[in-house]
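J.: Have a look at this one.
There are 2 protein chains.
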Amino acid sequence: MKEQPTQLRLDNQLCFSLYAASRQVTRLYQPLLKAHGLTYPQYIVLMILWQQDGLLVGEIGKRAQLNSNTLTPLLKRLAQQDLVTRVRSERDERQCHIYLTDAGKALEAACSCIPQQMLAQTNMPVADLQQLKALLDTFLSSQLSDN
Amino acid sequence: MKEQPTQLRLDNQLCFSLYAASRQVTRLYQPLLKAHGLTYPQYIVLMILWQQDGLLVGEIGKRAQLNSNTLTPLLKRLAQQDLVTRVRSERDERQCHIYLTDAGKALEAACSCIPQQMLAQTNMPVADLQQLKALLDTFLSSQLSDN
DNA sequence: CTAAATTATGTCGTACGCGATATAATCATG
DNA sequence: CATGATTATATCGCGTACGACATAATTTAG
Chain A
1 MKEQPTQLRL
11 DNQLCFSLYA
21 ASRQVTRLYQ
31 PLLKAHGLTY
41 PQYIVLMILW
51 QQDGLLVGEI
61 GKRAQLNSNT
71 LTPLLKRLAQ
81 QDLVTRVRSE
91 RDERQCHIYL
101 TDAGKALEAA
111 CSCIPQQMLA
121 QTNMPVADLQ
131 QLKALLDTFL
141 SSQLSDN
Chain B
1001 MKEQPTQLRL
1011 DNQLCFSLYA
1021 ASRQVTRLYQ
1031 PLLKAHGLTY
1041 PQYIVLMILW
1051 QQDGLLVGEI
1061 GKRAQLNSNT
1071 LTPLLKRLAQ
1081 QDLVTRVRSE
1091 RDERQCHIYL
1101 TDAGKALEAA
1111 CSCIPQQMLA
1121 QTNMPVADLQ
1131 QLKALLDTFL
1141 SSQLSDN
């Protein structure tokens, strides 16, 4: 152990807590999602499509905050599992609509208990969880980014 | 758009905010760390070693919450960059101590301004950031996990 | 003492993330 | 109406994450 600038200590860093918490959540989801053959990012994309079907790849990307370099392979894997179909737009051949298949639609009901199951894995009061989410959303929109 | 259980809506999910915020932070770190040839997980490992040098792979793993399947290749890349050396323990040949090289030690000073630079990229009050970290740490320790 | 259990690290396979770049379609402008 | 700019998606490369398994060293029990 040594004297050291306080700010470089890992246990003082918000960013590390964020990084650790995010991975822990993904690990907690994993057994619940594996039962349906899904990963967490795949589940996110499906939640987006359950809310609005037939979106373009780019629209899904905006909502999930993922680009085509991540989404294209992910969507192909969902298509391989017959959960979605990829349909080129007729107006604009560059665009690609993503539609849920019947199996993809049916998965929504099967996944409806997952939020409850996740919630059951913490003993933190719901009010605190809501405040945490509110702070995270403020943090997300407080970034002074260039683009 | 359709009627839907509120809990399956992405914009209502703490877990997604966490996932998005974590990735955004990593993206914000990237240009700062790239200047030193580092990724964010590599920077985490170095911060751990700056605090205490010569740790075992497993000790680093406990602090970073990463296993050997992630750490071993990462440490090899740090060794390739001459930032750390890997030394087998003489008492127990299974163990592997990780020591900073002079270059690895020198990086600490070079990185000392990074926390400030990260902080400068948000306009969120410091008190809110502290509260966010406190809630995240509570969340992290509130998981009723099996292991 | 020795075989079985445990432990520390490493390897493998799959799926992200994301910067950089490619490709092809559409748009804009002269 | 041609051609350069823009846009949507895809591909490539590298570095994580992480479950499952491998390997080798140490410990534990009988």
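Those sequence lines, one after another, are chains A and B. Residues in the first sequence are numbered consecutively from 1, following this note's numbering. Residues in the second sequence are numbered consecutively from 1001, following this note's numbering. The beta carbon of each residue, even a glycine, is placed where N, CA and C say it ideally should be.
#1: Under the assumption that L49/A contacts I114/A (Cβ atoms under 8 Å), give the Cβ distance between them as a whole number of angstroms.
#2: Tell me the rounded alpha-carbon separation between T138/A and S1017/B.
#3: Quick one: list the residues of chain A neighbouring D1102/B, beta-carbon separation under 9 Å, in chain order.
#4: Whose Cβ in chain B lies nearer than 9 Å to the Cβ of R23/A?
#5: In the structure shown, what three-state DSSP assignment does C1113/B receive?
#6: Apart from the five residues on each side of it in sequence, which residues of its chain come closer than 6 Å, Cβ to Cβ, to N147/A?
#7: Is the shortest distance between the beta-carbon of N1123/B and the beta-carbons of chain A less than 7 Å?
#8: What residue range is occupied by the uninterrupted beta strand (DSSP E) comprising T39/A?
#9: Suppose the cutoff is 6 Å on Cβ atoms and the five residues either side in sequence are ignored; what does the same chain contact list for Y40/A look like?
#10: May I have the straight-line CA-CA distance separating R1023/B from D1092/B, to the nearest angstrom?
#11: Please go through the same chain and pick out, in chain order, the residues whose beta-carbon is closer than 8 Å to the beta-carbon of T1072/B, but skip the five residues on each side of it.
#12: In whole angstroms, give me the CA-to-CA distance for T1085/B and C1111/B.
#13: Using a Cβ cut-off of 7 Å, pull out every chain B residue sitting near K133/A, in sequence order please.
#14: Using only the heavy atoms of the ligand NAD, determine whether one of them is closer than 6 Å to the beta carbon of A1035/B.
#15: State the beta-bridge partners of V1084/B as determined by DSSP.
T.: The answer reads as follows:
#1: Reading the first sequence from its first residue, position 49 is the one you call residue 49/A. Reading the first sequence from its first residue, position 114 is the one you call residue 114/A. So it is not a contact: roughly 16 Å between Cβ atoms.
#2: Taking the first sequence and counting its residues from 1, one reaches residue 138/A at position 138. Taking the second sequence and counting its residues from 1, one reaches residue 1017/B at position 17. Looking at the two C-alpha atoms, the distance is approximately 10 Å.
#3: Along the second sequence, one-based indexing puts residue 1102/B at 102. Residues of chain A passing the Cβ test: none, with the nearest at roughly 16 Å.
#4: For the purposes of this step, residue 23/A is taken as residue 23 along the first sequence, with counting starting at 1. Chain B residues near R23/A: S1022, Q1065, L1066.
#5: Along the second sequence, one-based indexing puts residue 1113/B at 113. C1113/B falls in the coil class under three-state DSSP.
#6: Taking the first residue of the first sequence as 1, we reach residue 147/A at position 147. Here the model assigns N147/A a pLDDT of 40, short of 50, so the residue's position is not dependable, and the following value carries that caveat. Excluding sequence neighbours, N147/A sits near nothing in its chain.
#7: On the second sequence, position 123 is the one that residue 1123/B refers to. Yes, because at least one Cβ of chain A sits closer than 7 Å to the Cβ of N1123/B.
#8: Here residue 39/A refers to the residue found at position 39 of the first sequence. Note, T39/A: premise wrong, no beta strand (DSSP E); not H, not E.
#9: Taking the first residue of the first sequence as position 1, residue 40/A is located at position 40. Closer than 6 Å at Cβ, skipping near neighbours: T26, Y29.
#10: As a working mapping, residue 1023/B is identified with position 23 in the second sequence. As a working mapping, residue 1092/B is identified with position 92 in the second sequence. When rounded, the distance between both Cα atoms is 38 Å.
#11: Against the second sequence, residue 1072/B aligns to sequence position 72. V1057.
#12: The residue labelled residue 1085/B in the question sits at position 85 within the second sequence. The residue labelled residue 1111/B in the question sits at position 111 within the second sequence. Each residue's alpha carbon lies about 20 Å from the other.
#13: As a first step, residue 133/A is located in the first sequence; it is residue number 133 there, counting from the start. By Cβ distance, chain B contributes L1014, S1017.
#14: Ligands displayed in this structure: none; no statement on the ligand NAD is therefore possible.
#15: For the purposes of this step, residue 1084/B is identified with residue 84 of the second sequence, where counting begins at 1. Paired residues: L1100/B.
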